[in-house]
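What follows is a set of notes on a single structure, which appears directly below.
There are 2 protein chains.
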Amino acid sequence: MSDSQDAGRSVTLGLMCGGNGKVEDAQVALDDAIEAGYSFMVTQLVRYPRAGGKGSGASSSRSSSGGVVSAAVPEGLTHSDLVLRDLQNANCFVGIIGDWLDLAYSGAQVGGEDVKHSAAELKRELEWAIYLGLPAVLLNSLPDSASALAHLAMLTVDSFHTIQLQFRNLWVRLSVDSNEDLRKFATFLTLAAPVSSFVGVLLELTPELPDAGMLARWRGEPVRGVLVPTSLFVKNKAGYPVLLRAHQAFVKSMIEIGAQIIVQTTDGTPASEAAAYAEYVEHLASTMEPSPVGGYEDELQAPLQPLQDNLESTTYETFERDAPKYKLYRKAVRRALADLPDNLSVPGQEPKAPYVVMVLGGGRGPLVAASLAAAVEAGRAIKVYCVEKNPSALLTLQMRAEAEWGGLVEVIGSDMRAWQPTELADIIVSELLGSFGDNELSPECLDGAQRLLKPGGISIPASYTSYAAPISAHKLHTELQRTTSSSPSVEINMQTPYVVYFSNVHVLDAPLPVFTFDHPNADIAAGGMADNTRFTSLSFTLPHDATIHGFAGYFDCVLYKDVVMSINPESHTPDMYSWFPIYFPILEPIHGKAGEPVELHIWRKTTTSKVWYEWAFTSPVPTRVHNPKGTSSHIGL
Amino acid sequence: MSDSQDAGRSVTLGLMCGGNGKVEDAQVALDDAIEAGYSFMVTQLVRYPRAGGKGSGASSSRSSSGGVVSAAVPEGLTHSDLVLRDLQNANCFVGIIGDWLDLAYSGAQVGGEDVKHSAAELKRELEWAIYLGLPAVLLNSLPDSASALAHLAMLTVDSFHTIQLQFRNLWVRLSVDSNEDLRKFATFLTLAAPVSSFVGVLLELTPELPDAGMLARWRGEPVRGVLVPTSLFVKNKAGYPVLLRAHQAFVKSMIEIGAQIIVQTTDGTPASEAAAYAEYVEHLASTMEPSPVGGYEDELQAPLQPLQDNLESTTYETFERDAPKYKLYRKAVRRALADLPDNLSVPGQEPKAPYVVMVLGGGRGPLVAASLAAAVEAGRAIKVYCVEKNPSALLTLQMRAEAEWGGLVEVIGSDMRAWQPTELADIIVSELLGSFGDNELSPECLDGAQRLLKPGGISIPASYTSYAAPISAHKLHTELQRTTSSSPSVEINMQTPYVVYFSNVHVLDAPLPVFTFDHPNADIAAGGMADNTRFTSLSFTLPHDATIHGFAGYFDCVLYKDVVMSINPESHTPDMYSWFPIYFPILEPIHGKAGEPVELHIWRKTTTSKVWYEWAFTSPVPTRVHNPKGTSSHIGL
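Residue numbers (the UniProt record's numbering), protein chains in the order written: chain A, 1 to 637; chain B, 1 to 637.
Laid out in structure tokens, this is it:
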């Protein structure tokens with residue numbers, strides 16, 4: 001089956017033996033697992049109960065002062081306690097720690113011995129895992145009591161603050177159908193906020209999967225691994241183990257967000273048998289669509305600033321390859337031209353004037369080509385002016401004008417807001433939209449160019465509308481907590497929108513329209529000034545308890561009449577990839593409960609030199625107004 | 001009545017004429033008000049409806065694009081619109097702005113014209129107030145809709161970010177009995193977080209005051225002024241206006257937290273009549289207890305670090321004047337000595353050995369004096385060793401030993417943890433407690449000194465317990481947002497405890513015990529090691545909707561048997577002032593609803609070189625674990 005691995009997605013496979021990852025000899029077990037097609041194992045770090053009963057929760061000797069005297073703390077690990085010892089392949093093991101915690105926490109008294117005992121023990125196991133150099137450790141459950149959960153979070157912060165960078169992965173095992181697990185995990189992530197980017201989920205599948213809504217919630221969580229018990233497999237006609245359709249679909253969706261798959265065998269399953277599960281999961285991954293963005297899922301990018309910066313040729317090239325987009329433009333221009341009276345010159349009659357089409361922001365010419373093709377299709381004569389400010393792109397345009405476009409196209413090197421034309425346009429065509437519609441200053445540019453259009457002339461696009469929806473996106477949010485030389489402070493990062501291909505993101509409600517801009521602008525047409533400031537308030541409803549990390553932005557756009565393009569997920573133009581969504585973060589995640597309203601307020605503000613957004617939530621919990629006065633992020637005019 | 005102003009509290013009086021502060025001629029009105037005993041006036045800034053009906057909410061001309069064209073925005077203020085013009089005494093006016101907002105906001109559509117119109121108008125009025133140099137402006141109400149509230153907050157942030165420092169006070173008028181007003185205000189403060197320290201409350205009294213619980217809530221809010229309508233006054237027998245007892249008590253409590261009192265007359269009240277109200281309020285203030293801390297209410301101080309730093313003489317002097325404290329110490333030593341067998345030497349019999357009393361951390365000697373007095377009272381012979389590490393304090397001790405204490409006291413210049421005595425103590429006496437009990441390292445010091453005590457010997461204090469309670473304290477929290485050279489970052493400020501005399505603070509539930517330490521330590525007595533780390537979880541209940549800004553810390557202490565001293569408000573030792581409470585902040589305020597549990601988790605952690613606390617809430621909303629590893633604050637050993 002290895003030949004099929006080139007297609008589809010790749011997946012990393014892990015093996016966990018038995019209910020709690022018990023193995024007799026870790027080295028032998030790993031060799032068998034690798035032989036069976038797995039890359040790593042999830043095993044116990046320490047054997048429980050430990051020799052001498054030290055692993056049991058309560059320590060017997062309590063001091064009268066309420067503290068624990070050192071003698072009462074279980075002694076350090078001994079060699080016979082260890083499952084994982086010094087290994088050559090330590091990087092192939094995820095070690096289960098604190099497997100005795102259930103016991104300890106269930107008896108935990110507030111401020112009592114049990115919690116303290118657990119702390120000492122957990123720390124000892126973590127230290128051993130660090131010493132071994134394991135890539136991650138796994139906690140099999142989160143405690144139920146707030147007290148124990150807080151204490152566990154404190155220990156996590158404590159440990160992860162000091163230890164080496166290579167060891168910074170704590171996996172927590174949660175059940176796919178447990179609302180309660182998710183609630184505890186959200187609390188845990190908040191408590192452990194300074195190190196929460198190192199905390200991930202090992203998601204255990206259940207025979208009966210929960211409803212689609214519950215499954216969707218996991219998309220926003222940092223799922224590092226999916227635990228698939230072999231009991232969930234059924235035999236197909238050929239006798240090979242396969243998953244039922246619902247499990248298949250969910251496993252695929254988790255592979256899509258980068259989760260590893262860990263097969264959990266029952267005690268005593270021979271390694272040879274385990275191979276069949278590995279083959280199946282690899283086959284499943286191979287049948288998936290490859291990543292449309294070549295692994296750039298969830299990468300945060302600053303939006304383009306096309307007015308301030310000149311684009312590079314490769315950037316143009318990438319966008320020009322988006323065939324569905326230019327097909328829509330060609331259709332829009334064709335329909336607009338077709339709505340104008342026939343102007344083809346008839347031999348022997350007086351020649352009619354061609355319609356003037358101005359392409360504003362021509363780039364390397366795709367809209368010129370689309371317009372010329374549209375004119376042929378519509379049976380109309382046109383003359384094209386192509387306005388472009390980027391001197392490098394101009395060179396390409398001039399070459400194409402001479403080589404491809406005969407005398408039909410005049411190339412103008414100018415900012416569209418400054419150019420003085422000799423005649424006015426019947427149609428202006430532009431592609432100035434950003435992921436949030438107006439966020440690359442299309443309104444300001446087209447308002448400035450409106451004087452190029454004849455009264456009653458047509459703008460393609462005719463209008464565009466931005467959309468927003470609250471999202472749960474732990475991964476994106478924690479990514480912004482890392483400051484680098486190019487991101488000077490967390491405060492600024494968290495008040496800046498980013499273009500990002502969503503993968504490990506859960507959109508919490510259907511997107512709602514935010515701001516609409518129409519072209520030509522009626523106020524300008526009436527001799528007034530355009531006001532491109534906006535303010536709107538949106539109201540969503542939480543389908544379930546959720547942590548909100550900000551909101552997603554999209555747009556749709558009427559090019560001409562019913563010719564529409566959209567990146568709103570509810571109506572996305574098929575196969576159009578020029579725009580990814582935009583992510584507006586908030587400084588601190590907020591928590592809401594199922595059914596609670598989410599009130600989001602967004603401003604678009606302008607000065608003569610810049611445009612920016614401000615945003616705030618007032619429900620389920622109020623946040624501050626983000627990016628006041630554009631101090632963290634703006635687009636330069 | 002002016003002679004009585006030297007006693008009690010001082011109060012600043014303002015006057016507001018009529019329901020909405022309307023005056024015909026501001027200069028004349030101010031002269032009259034000052035004549036009547038007031039220091040400032042609250043008046044309209046602008047006359048409404050403005051000339052030409054510009055003050056009405058909706059603008060009539062809407063643009064087709066959904067924006068507002070400039071022509072539709074009401075024109076700038078004209079001279080005839082102004083109530084407050086260029087004045088010599090601009091600093092004596094609080095200007096009411098946006099008095100038309102009720103109208104505008106009630107008709108506000110999401111994203112609609114009304115809100116935009118209001119923005120332009122509000123900005124114009126703010127600019128005028130800035131130009132005049134008014135010390136504050138007043139908004140007569142907060143809008144009901146989340147949309148309008150968010151917009152108002154955005155405008156507030158916008159305006160206060162740019163304008164001069166001297167003008168940074170926005171008062172919002174709220175009704176004393178309105179839960180809804182408080183809720184809106186909490187949301188507003190969060191939205192406007194970056195400038196929230198400039199936002200205050202003008203609290204309007206109602207004829208029927210709400211219950212004590214509701215009144216108490218205002219203690220935690222930034223109440224800058226209390227508005228007292230003259231209709232609330234009744235005539236006393238002599239014909240003078242007075243307030244009823246409930247109003248009196250509440251007005252006093254607000255004067256205590258520094259609020260100004262604004263008397264609101266009905267339209268047409270002559271200035272001469274207004275004087276009687278001013279006199280009454282001044283009289284009321286004069287009957288109050290003077291500030292016990294001379295105006296240092298709500299001042300945040302870093303806790304003492306007596307082990308790291310040597311105290312100054314004036315610090316000792318301040319503490320030594322606390323008579324109730326040393327009376328309790330004298331009583332405790334007397335009772336402890338009285339419980340020991342009589343050892344007075346009888347003439348003719350063999351002389352008995354005196355009891356050895358060691359004063360650990362003698363300072364300038366108050367505990368030595370208390371112990372000597374106690375011995376006389378108890379009829380016991382003692383010898384005192386006074387151990388002190390501060391070389392300057394030692395000089396004082398040596399002088400007193402020679403001049404006052406005969407041969408009964410031996411002064412030892414040493415750290416109590418290092419001193420090697422020639423004999424052991426029957427009683428050790430110390431005063432090493434901080435506001436949170438163990439936070440000045442009493443446990444570590446006394447554990448280190450325990451070897452000085454005979455087996456079965458007595459420690460005074462015998463035990464102490466810290467207490468905590470969640471608080472609402474907007475003023476303290478915003479104070480920590482200001483970074484100065486000595487407070488390097490907001491992150492550090494918010495993870496550091498501060499000693500502070502609470503005034504503008506509302507304690508949300510009865511304090512609960514946190515950590516207890518007993519001396520002598522039984523573990524050490526048994527030959528083991530002391531463990532002074534602690535962890536506890538506390539559960540409170542919110543009596544009403546509240547914003548939580550952290551928690552208050554207190555302690556009580558058993559000196560000996562039933563001799564107890566306490567700064568827990570529930571059992572505070574009368575007139576003892578050596579300790580103010582301690583305030584543990586949290587990074588972001590959290591909001592909870594009436595009846596919700598408040599779960600607070602506190603750790604005391606130690607290394608060989610330092611001691612620190614960590615803390616977190618898990619309910620009503622989880623917070624991060626604060627001060628992990630003592631990175632923001634610790635006490636050096």
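Even for Gly, the Cβ is constructed at its ideal location relative to N, Cα and C.
Asked	Found
Given 8 Å, three or more beta-carbon pairs between the stretch 330-347 of chain B and the stretch 299-318 of chain B	no
Segment contact flag, the stretch 555-562 of chain B with the stretch 618-634 of chain B, C-beta cutoff 8 Å, min 3 pairs	no
CB contact below 9 Å: residue 646/A versus chain B	Look at the range of chain A in this structure, 1 to 637, and you will see that residue 646/A is not part of it.
Cβ-based burial, residue 561/A [other Cβ within 10 Å; buried from 16]	exposed
Unbroken stretches of the beta strand (DSSP E), 3 residues or longer, contained in the stretch 441-470 of chain B	453-460
Chain-ordered residues of the stretch 611-623 of chain A with a beta carbon less than 8 Å from chain B	614, 616, 618, 619, 621, 622, 623
Own chain residues within Cβ distance below 6 Å of residue 357/A, not counting five before or after	371, 382, 384, 427
Residue 588/B: contacting residues in chain A (beta-carbon distance under 7 Å)	588
Length of the line joining the Cα atoms of residue 19/A and residue 26/A	16 Å
Members of the stretch 170-189 of chain A that neighbour chain B once the beta carbon cut-off is set at 9 Å	186, 187, 188, 189
Residue 629/A at chain B interface by Cβ criterion, 9 Å	yes
Chain B contacts made by the stretch 394-408 of chain A, where a contact means CB separation under 8 Å	none
For residue 478/B, the three-state DSSP class (helix, strand or coil)	helix
Nearest-angstrom Cβ-Cβ length linking residue 259/A and residue 223/A, presumed shorter than 8 Å	5 Å
C-alpha gap between residue 407/A and residue 398/A, whole angstroms	11 Å
Bounding residues of the beta strand (DSSP E) (the contiguous stretch that carries residue 552/B)	546-560
Cβ pair residue 474/B, residue 221/B closer than 9 Å	yes
Neighbour list for residue 591/B in chain A, Cβ cutoff strictly below 9 Å	621, 622
Any chain A beta carbon closer than 9 Å to residue 313/B	no
4 or more residues per run - each alpha helix (DSSP H) lying fully within the stretch 170-197 of chain A	179-191
Min CB distance residue 625/A to chain B below 9 Å	yes
Residue 698/B, buried or exposed, once every other Cβ within 10 Å from all chains shown has been counted against 16	The structure shown has nothing for residue 698/B, since chain B only spans 1 to 637.
Buried versus exposed call for residue 497/A [16 or more other C-beta atoms within 10 Å across all chains shown]	buried
Inter-residue CB distance, residue 516/B and residue 465/B (contact presumed, cutoff 8 Å)	4 Å
Proximal chain B residues relative to residue 569/A, where beta-carbon distance stays under 8 Å	Per Cβ cutoff of 8 Å: no residues; residue 569/A is ~23 Å from chain B at best.
DSSP-derived helix/strand/coil call for residue 505/B	coil
In chain order, each beta strand (DSSP E) run of at least 3 residues that lies wholly inside the stretch 199-281 of chain A	199-204, 223-229, 233-235, 241-243, 260-265
9 Å Cβ cutoff, residue 359/B in contact with chain A	no
DSSP-derived helix/strand/coil call for residue 495/A	coil
9 Å Cβ cutoff, residue 263/B in contact with chain A	no
Under the three-state DSSP convention, the category residue 128/B falls into	helix
Partner residues on chain B for residue 585/A, Cβ-Cβ distance less than 9 Å	In chain order: nothing, as chain B lies at least about 15 Å away.
Element boundaries [alpha helix (DSSP H), containing residue 638/B]	In this structure chain B extends from 1 to 637, so residue 638/B is not present and cannot be described.
Collapsed DSSP secondary structure at residue 524/B in the structure displayed	helix
Residue-level contact to chain A via CB, residue 157/B, 9 Å cutoff	yes
Distance between beta carbons of residue 506/A and residue 471/A, contact taken as under 8 Å	6 Å
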